[in-house]
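Numbering (our numbering), first residue to last: 6 to 225. By construction, the Cβ of each residue, glycine as well, lies at the ideal position given by its N, Cα and C atoms. Quick notes on the structure that follows.
Next comes the structure, spelled out in structure tokens:
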């Protein structure tokens, strides 16, 4: 529904038409089959978010962005990003071009969520990692805009709810520590499990090394 170089104001009618055109185009046939959904079921699910998306666009694109966030355009959608510096890769839902204080454009990664707003550690961390990957000269992306210095976490289900996060020192250190811990687990050699009697190699199974248990709220 976010269209590059959009000039005319987006309305609920135009957004609904764009959603219907995409769903009925056949481009999503493989994904729909994998999910066991029909085109009409998907369109019904998408339709409940149209009003919220249009309201958000009106506030930040069609109007003057009086709350401090003025969207000038869309840099990319489902953008694959990577950082050699951090050894990370990911895919950003939407990369916006927003106005900065100097009158230019600043890249802003947006993590879209269709569930209820929680601003959980996992969601915030995901958004901040995208910001870190897009920040600095080593960022592997094609945009000519300045790098990102923050990320927007946007929930749509109950009306647009958002918060802009910036990777301060403590958050950056915490995320990189988790990244290094996970990398250490992934670097462990495979485990050979003998499931037979007598040590026969044909009865052995090679398994990936186990990963740590997922973090919970009590672990933070």
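Got a sec, what are the start and stop residues for the alpha helix (DSSP H) residue 59 sits in?
-> 44-62
Tell me, which residues are paired with residue 212 by DSSP?
-> 196
Shortest alpha-carbon distance to residue 80 belongs to which of 31, 113, 138, 117?
-> 113
When you compare only the Cα positions, how much space is there between residue 118 and residue 136?
-> 17 Å
Spatial neighbours of residue 122 within its chain, please: CB distance less than 6 Å, with the 5 preceding and 5 following residues excluded, ordered by chain position.
-> 160, 166
For residue 102, which residues from the same chain have a beta carbon less than 6 Å from its beta carbon, with the 5 sequence-adjacent residues on both sides left out?
-> 77, 78, 80, 110, 150
Rank 188, 50, 63, 51 by C-alpha distance to the C-alpha of residue 16 and give the top, closest one.
-> 63
Three-state secondary structure (DSSP) at residue 220?
-> coil
Residue 14 (DSSP reduced to helix, strand or coil) = coil
Can you tell which of 29, 128, 30 has its C-alpha closest to the C-alpha of residue 98?
-> 128
Determine the closest residue to residue 130 out of 108, 51, 156, with distance taken between C-alpha atoms.
-> 156
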